[in-house]
Amino acid sequence: MKIFLSYASEIRARAEGVNAALQAAGHDVFFDREDLPAGLNYDDRIRSAIESSDLFVFLLSPAAVAEGHYTRTELKIARRRWPDPAGHVLPVMVEATPFSALPPYLGSVTVLVPEGNLAAEVVLAVADIERLPSHAATEPDAVTPPPDSPDATPTYASLKVRFSYAEAGRYTVDINSPQAVDGFSGDCAIDAPAIEDAMRGAAVGDTLRRPPGALAHNGLPTAAQARDAGTLLYRALFGPTLRTGIEDSLRAIDPQQGKGLRFVIDTTDTPELGRLPWEFLYSPEKDDFLFSDRMKPVVRWLDVDEPTPTLSISPPLRVLIAFAAPGGLAPLSIGDELARLDQALAPLTKRGLIGITRLENATLERLDDALLTVRPHVLHFIGHGDFNGGDGLLLLESDTPDRAPDPLTGRRLGVLLRNHLANLRLVFLNSCMGGAVSPVDPFGGIAQTLIRRGVPAVIAMQFAIPDKAAVELSRHFYRYLAAGQPVDAALTSARAFLFARGHEVEWGAPALHMRSPDGRLFTIAPPATPAVVPLAVPVALPAVEPEAAPVREPGASHAAAPEAAQEQAPPSLAPVTVPVPETVPIAARSSRTLLYGALAALLLLVIGVALLTFNASDLAPSSAEPAGTAPAARPVSAPETQAERTRLAVAQAIAQLEAGQDVAAAATLQELLRLDPDALDPASLGADAQRLSVLLWDAAQRAADPALGALFAHLSGWVGNVVASAGEPPDFAVDSKVEPAAGTDRGEALYTVRRGDTLEGIAKRLLGDAREWTFILERHNAASALAPGLRRISDPDYILAGEYLAVPVTADEAGLPGWPYHVQPGDSLWGIATRMYGQGRLWPRIADANTDTVPDPSRLQPGLLLFVPAPAR
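Counting from 0, one number per residue, gives the positions in the sequence shown under numbering that gives the first Met the number 0.
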């Protein structure tokens with residue numbers, strides 16, 4: 000759902016929390032007025048954002064409703080958009096505000112007055128509104144139209160522009176136009192060196208994805224330089240002999256009917272023209288970039304063999320993200336980019352439209368293994384690129400301890416990928432120089448070589464762009480592609496968004512090389528939505544012995560559902576490289592009934608999202624989960640009491656969890672909590688509480704859906720914490736007395752690096768300041784000189800899950816060594832124990848060491864300082 004969040008600057012800090020929670024729930028939120036694109040009228044941009052939104056969330060405070068405040072203007076725009084605010088406007092009381100001071104427009108809607116956690120209750124309220132009939136037809140992340148909408152899938156006629164030599168500085172242009180049966184020809188003068196010089200930009204103040212000093216500077220041009228180069232190209236192509244024919248073709252474009260025009264630039268015979276930035280074709284008369292309009296995509300074409308046929312697949316679209324950061328080169332912000340990309344694509348993965356697989360520290364052998372195992376439809380590479388000796392290069396990592404660069408030419412990469420063309424349809428090179436072209440060899444660059452070797456489409460960067468723009472480009476490109484748009488239309492739609500976002504040059508950096516005549520690389524069937532029948536009377540199931548989880552090799556991770564019959568599904572992959580999402584605890588209520596009611600509402604929301612990810616057949620575990628098959632239900636007589644119904648439903652959920660049927664188990668628990676909010680009270684569960692807690696945590700660790708995994712982890716931690724506080728230690732309780740930790744002679748203890756850890760994150764949690772990561776690095780490297788078992792860290796961005804990190808320790812009053820731990824938003828004792836010890840079940844160690852600070856283990860406040868005993872070795 001597209002949401003406009005209106006708030007007064009005086010409550011910005013609280014508004015940020017609401018914004019983060021809504022985005023985490025998969026909503027597209029317009030939040031920060033200070034992030035408006037430069038050059039756009041402020042009032043027009045605000046009006047456009049409100050008019051395109053599905054919901055207006057108004058955070059109430061005395062300042063927000065005061066006369067003269069801009070929030071009143073925003074509310075006025077909302078009133079014009081929705082004369083009846085019901086179902087479209089959600090007022091939320093953030094600071095005490097007299098109801099008499101509220102604008103009359105809000106008199107017909109209920110004001111949300113949070114009783115507990117503000118952000119959590121706003122998310123729940125938005126979920127309720129989303130289920131109203133007025134929003135029933137809207138997808139949770141309906142930024143793009145559905146695939147079967149005419150607006151989502153325009154049709155394109157192709158205008159093919161082929162260049163050949165005429166004489167020095169002049170070229171013959173042959174154009175095949177849908178408006179001219181026999182096509183037409185002309186000539187033009189193009190000064191290629193002058194246009195290249197116009198695009199020589201200054202280095203960006205962000206990561207450049209190329210090795211320093213390997214090639215002449217190729218930085219980000221300015222907006223003026225892009226316009227100058229685009230103007231030269233426009234005047235050449237729209238010269239006297241060609242202008243009339245091209246403009247006749249342009250007049251056939253009809254956005255209302257979904258009719259567009261694809262420009263196909265063929266430079267097979269003129270490789271020096273392939274180096275030019277055709278994406279920036281600029282009309283001075285209209286003050287417009289021709290190809291910033293999604294009805295006019297531009298494609299680079301090279302004459303090769305017959306095009307690859309369209310591949311019919313069922314969701315998800317499998318994307319393999321491979322990244323490499325060789326030692327000795329400029330560091331890349333890969334961790335930040337992946338985190339932002341994960342967050343950006345989360346709505347698509349939750350809906351089952353995209354399955355993401357990561358390949359970290361890519362070597363040639365690991366890349367080949369991942370291609371064989373994952374069988375991706377899209378290969379997305381993040382890393383360094385170069386162009387040397389007439390060949391384009393990608394720099395992978397070698398298998399040596401120093402991870403030295405391993406140059407991989409486009410020719411060698413093309414030979415490798417040729418073995419996987421049964422499923423591979425697109426390569427996205429997010430590396431500098433990936434789109435560079437040889438001035439003498441039309442197939443000299445990486446992208447061009449891959450096209451020659453049979454890859455249907457390649458997107459590559461002509462010049463380096465900032466990481467933030469790269470992430471936004473990827474996010475919106477994959478969103479449109481998963482919606483069923485042709486690859487050229489998806490890229491052009493993403494370009495238009497970047498341009499509107501204020502990236503005046505970055506939008507033109509990606510060049511699309513394609514051998515598919517219509518841009519349709521895939522035919523993506525819509526995801527099936529299984530019918531869910533409420534369990535009015537849960538039935539008991541016998542216990543099921545779960546099958547052993549498949550053995551997985553380290554390297555890649557995935558979260559993809561099985562393919563349709565047209566394409567064989569890939570075998571199981573390695574474990575997810577990102578950590579299990581830390582849970583966000585729902586604010587504790589004075590009444591346990593209210594707490595379970597909130598949990599039930601949240602569970603209903605997550606189940607609705609999770610079920611979209613699975614086909615009806617997917618109620619059996621997917622390849623991402625341990626296999627298992629639940630037995631058929633035994634007919635039983637209807638239970639006569641609520642206690643009996645609860646007992647049978649809990650038994651059913653336990654059996655489903657043991658069989659790996661996590662989505663079905665979540666549905667069972669949701670229905671149980673709806674019927675009886677106190678159903679999970681440990682006093683009622685008895686011995687089942689311990690068993691259920693363990694099974695929920697195991698399900699959280701294997702869950703392919705992050706939202707489902709986070710919910711299971713929260714429920715497991717809650718049940719486990721309540722059991723412990725009730726004096727009924729679970730089976731996995733351990734002795735809270737910690738032996739002195741092994742460490743170094745300098746007074747450091749050995750912290751085990753977990754998946755997803757960064758030095759900044761460790762410093763933030765253990766030292767309270769992410770900027771102190773340099774202190775941890777210095778102490779560790781000093782200790783590594785004396786301890787042979789410790790690896791010296793030369794690249795701060797490269798720490799390995801499972802290795803030891805020497806971190807300074809303190810001691811409690813009893814002299815036990817340990818670390819101070821600064822509680823972060825979303826932390827729970829279970830989550831902290833998982834991070835610090837590798838096992839959430841060891842949370843009682845932390846609870847026992849902080850009895851004065853944490854009287855209730857189920858309630859942690861961000862900013863709280865805990866003492867975490869160091870683990871024994």
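The beta carbon of each residue, even a glycine, is placed where N, CA and C say it ideally should be.
Integer-rounded CB distance, given that residue j should sit under 8 Å from residue i
{"i": "GLY518", "j": "ASP487", "result": "4 Å"}
{"i": "LEU490", "j": "PRO465", "result": "That pair is no contact at about 18 Å."}
{"i": "TRP300", "j": "MET513", "result": "7 Å"}
{"i": "LEU789", "j": "VAL822", "result": "Not really, about 28 Å apart at Cβ, beyond 8 Å."}
{"i": "ALA762", "j": "ALA782", "result": "The Cβ separation is near 16 Å, so there is no contact."}
{"i": "SER430", "j": "LEU340", "result": "SER430 to LEU340, Cβ: 15 Å. No contact."}
{"i": "PHE521", "j": "THR309", "result": "7 Å"}
{"i": "ALA403", "j": "LEU428", "result": "That belief does not hold up - the Cβ atoms of ALA403 and LEU428 are roughly 21 Å apart, past 8 Å."}
{"i": "PRO375", "j": "VAL318", "result": "6 Å"}
{"i": "ALA14", "j": "LEU4", "result": "6 Å"}
{"i": "SER52", "j": "ILE2", "result": "6 Å"}
Bridge partner(s) assigned by DSSP for residue i
{"i": "TYR164", "result": "TYR170"}
{"i": "ALA769", "result": "For ALA769, which the question treats as bridged, DSSP gives no partner whatsoever."}
{"i": "THR809", "result": "GLY817"}
{"i": "TRP696", "result": "Per DSSP, none; premise fails for TRP696."}
{"i": "HIS379", "result": "ILE320, PHE427"}
{"i": "ASP27", "result": "LYS1"}
{"i": "VAL457", "result": "VAL426, HIS512"}
8 Å Cβ shell around residue i - same chain, five flanking residues per side excluded
{"i": "CYS187", "result": "ARG169, TYR170, VAL172, ALA235, LEU236, GLY238, THR240, LEU241"}
{"i": "ALA678", "result": "TYR595, THR645, ALA648, VAL649, LEU671, LEU672"}
{"i": "ASP697", "result": "LEU656"}
{"i": "GLY259", "result": "PRO153, THR154, TYR155, ALA156, ILE252, ARG293, MET294, LYS295, PRO296, ALA488"}
{"i": "VAL108", "result": "PRO84, ALA85, VAL88, LEU89, PRO90"}
Closest residue to residue i among the options (Cα-Cα distance)
{"i": "LEU684", "options": "ILE189, ASP826, ALA650, ARG764", "result": "ALA650"}
{"i": "GLN484", "options": "SER282, PRO296, ASP661", "result": "PRO296"}
{"i": "ALA118", "options": "ARG690, VAL160, ALA24", "result": "ALA24"}
{"i": "PRO816", "options": "GLN823, PRO807, VAL822, PRO824", "result": "PRO807"}
{"i": "LEU674", "options": "GLN641, ASP680, ALA658", "result": "GLN641"}
{"i": "TYR47", "options": "ARG79, GLU66, GLY67, ASN18", "result": "One point to set straight first is that residue 47 is Ser, not Tyr, in the sequence displayed. Out of ARG79, GLU66, GLY67, ASN18, ARG79 has the C-alpha closest to the C-alpha of SER47."}
{"i": "SER515", "options": "ALA481, ALA456, ARG500, VAL470", "result": "ALA456"}
{"i": "TYR69", "options": "PRO315, PRO276, GLU9", "result": "GLU9"}
{"i": "THR809", "options": "THR850, GLY801, ALA786, LEU766", "result": "LEU766"}
{"i": "ALA463", "options": "ILE245, MET198, LEU776", "result": "MET198"}
{"i": "LEU873", "options": "LEU423, ASP196, TRP772, PRO254", "result": "Absent from the structure is residue 873, since the part of the chain shown begins at 0 and ends at 872."}
{"i": "PHE162", "options": "ALA62, THR221, VAL298, ILE264", "result": "ILE264"}
{"i": "LEU841", "options": "THR850, GLN256, ILE831", "result": "ILE831"}
{"i": "THR773", "options": "SER827, PHE98, ALA869, ASP796", "result": "ASP796"}
{"i": "LEU393", "options": "ASP401, PRO676, PHE380", "result": "PHE380"}
{"i": "SER902", "options": "GLU771, SER857, SER282", "result": "What is shown of the chain runs 0 to 872, which leaves residue 902 out entirely."}
{"i": "GLY382", "options": "ASP398, GLU15, PRO406", "result": "PRO406"}
{"i": "LYS159", "options": "VAL121, ASN175, ALA165, ALA699", "result": "ASN175"}
{"i": "ALA62", "options": "PRO254, ILE523, ILE49, PRO97", "result": "PRO97"}
{"i": "ALA324", "options": "THR448, ILE775, ASP401, TYR233", "result": "ASP401"}
{"i": "LEU344", "options": "ARG71, VAL426, LEU316", "result": "LEU316"}
{"i": "LEU449", "options": "ILE353, ASP181, LEU416", "result": "LEU416"}
Sequence-distant residues of its chain with Cβ nearer than 6 Å to residue i (five each side left out)
{"i": "ASP302", "result": "THR267"}
{"i": "VAL867", "result": "GLY817, TRP818, TYR820, MET835, ILE845"}
{"i": "HIS475", "result": "ALA493, PHE496"}
{"i": "ASP744", "result": "Reliability of the predicted coordinates at ASP744 is poor, the pLDDT of 49 falling under 50, and the value obtained from them is presented with this limitation in mind. Cβ within range, chain order: n/a, list empty."}
{"i": "ALA664", "result": "ALA652, GLN655, LEU656"}
{"i": "ASP734", "result": "Any reading at ASP734 must be qualified, since the residue scores a pLDDT of 31, below 50, and its modelled position is unreliable; no value is offered."}
{"i": "PRO420", "result": "The residue you asked about is not Pro; residue 420 is Leu in the sequence shown. Excluding positions up to five away in sequence, the list reads GLY453."}
{"i": "THR833", "result": "GLY839"}
Residues near residue i in its chain [Cβ-Cβ closer than 7 Å; skip 5 each side]
{"i": "SER291", "result": "ARG494, ALA495, PHE498, TRP506"}
{"i": "HIS502", "result": "ALA468"}
{"i": "GLU771", "result": "ALA762"}
{"i": "ARG791", "result": "ASN780, SER783"}
{"i": "PRO283", "result": "THR230"}
Alpha helix (DSSP H) segments (min. 4 residues) lying fully within the region 85-138 | Listed in chain order, the complete alpha helix (DSSP H) runs (minimum 4 residues) inside the region 85-138 are 117-129.
Runs of alpha helix (DSSP H) lying entirely within the region 261-332, each at least 4 residues, in chain order | Within the region 261-332, the complete alpha helix (DSSP H) runs of at least 4 residues are 270-273.
Which whole runs of the alpha helix (DSSP H) in the region 471-517 are 4 residues long or more, in chain order?
-> Runs of the alpha helix (DSSP H) inside the region 471-517: 486-499.
Whole runs of the beta strand (DSSP E) within the region 40-65, excluding any shorter than 3 residues = Complete beta strand (DSSP E) runs here, min 3: 54-59.
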